[in-house]
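Reviewing the structure listed below.
Residue numbers (our numbering): 80 to 359.
As structure tokens, this is what we get:
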């Protein structure tokens with residue numbers, strides 16, 4: 080497990096490219112038959128990628144629950160959100176199997192003892208992208224397909240940001256302690272997300288960009304509104320956004336991204352908006 084400690088806005092002003100990437104970028108999320116995880120001290124979020132190919136994979140592979148979390152099992156004091164961005168696969172939770180097609184989500188509540196992952200087709204493996212946050216009570220484990228997700232259309236082609244938000248793990252769909260997750264898909268010819276931008280002092284966020292071809296990238300903008308920086312991101316990479324930072328992107332093509340939030344509340348529109356002309 081990769082451990083990331085909190086970074087403050089005063090120090091971040093002095094970061095060069097390498098330091099920005101070291102602190103906030105998660106470069107590799109998926110490896111065949113493995114669990115790759117990053118623990119952020121910002122709201123204690125854990126980002127995980129699992130790509131089962133020829134094996135059934137346990138979530139605790141490469142995670143020492145006693146050492147890393149101080150518990151006996153992974154979800155003893157946590158909740159977990161999953162969105163599959165690969166081929167069809169299954170998540171088995173305490174013996175019950177949930178089939179996840181591409182862009183289906185699964186919420187797993189606190190107290191679930193056993194979580195395993197497998198793919199239907201090793202030539203087109205599932206890619207389970209996950210975020211976990213501390214939880215104070217148990218809520219029902221639930222499969223969320225796109226047809227029951229809360230669908231929101233935003234933006235326009237004139238501003239190059241026409242997009243659809245699928246709010247999968249969201250108060251309009253199910254109950255959680257603090258975790259929210261969803262997927263945003265930009266229309267062809269549209270490249271901007273979250274602009275005009277915002278911060279939200281009461282929550283942190285993680286973006287994971289995907290649906291990018293090898294020769295395209297996303298310029299992810301971060302930092303205080305008057306001290307902006309950027310990180311160039313490739314396909315299937317994630318970036319940690321502290322509460323004091325904007326989080327916005329512009330791609331060399333259209334793309335999709337998964338957003339996950341944790342913190343004081345689950346109110347999606349609890350944002351501190353920033354006027355575009357005020358950015359520096």
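Ideal Cβ placement from N, Cα and C applies to all residues, glycine included. Every value quoted in this text rests on a predicted model; they were computed, and no experiment measured them.
Looking at the unbroken beta strand (DSSP E) that takes in residue 99, where does it start and where does it end?
Bounds of any beta strand (DSSP E) do not take in residue 99; it lies within the alpha helix (DSSP H) bounded by 96 to 103.
Looking at C-beta atoms only, is the number of pairs between the segment 327 to 347 and the segment 258 to 277 that lie closer than 8 Å three or more?
In this structure the segment 327 to 347 lies against the segment 258 to 277, because at least three pairs of beta carbons, one per stretch, are closer than 8 Å.
By alpha-carbon positions, which one of 303, 314, 239 ends up nearest to residue 108?
314
Hey, could you find the ends of the beta strand (DSSP E) residue 335 is sitting in?
335 to 342 is the span of the beta strand (DSSP E), which, as asked, contains residue 335.
Taking the C-alpha atoms as reference points, what is the distance between residue 248 and residue 282?
If you draw a straight line from the Cα of residue 248 to the Cα of residue 282, it is about 15 Å long.
Do residue 231 and residue 194 have their C-beta atoms within less than 9 Å of each other?
no
Taking residue 91 as part of the alpha helix (DSSP H), name the residues at either end of that continuous run.
Annotation for residue 91: the continuous alpha helix (DSSP H) segment containing it runs 88 to 91.
Can you tell me whether residue 279 is buried or exposed? The criterion is at least 16 other CB atoms within 10 Å of its CB, across all chains shown.
Residue 279 should be labelled buried.
Assuming contact is defined by CB atoms lying nearer than 9 Å, are residue 424 and residue 141 in contact in what I supplied?
Coverage of the chain is limited to positions 80 through 359, which leaves residue 424 absent and any answer about it impossible.
Classify residue 262 as helix, strand or coil using the three-state DSSP reduction.
strand
Across the segment 222 to 230 and the segment 130 to 150, are there enough close Cβ pairs to call them in contact, namely three or more that are closer than 8 Å?
no
Out of 266, 349, 219, 115, which one is the CA nearest neighbour of residue 138?
115
Which value, in whole angstroms, describes the spacing of the CA atoms of residue 83 and residue 126?
11 Å
To the nearest whole angstrom, what separates the beta carbons of residue 288 and residue 336, a pair I think is in contact under 8 Å?
5 Å
By DSSP, does residue 351 sit in helix, in strand, or in coil?
strand
Examine chain C for any beta-carbon lying closer than 9 Å to the beta-carbon of residue 269, and answer yes or no.
Checking the listed chains, one finds no chain C in this structure; it contains a single protein chain.
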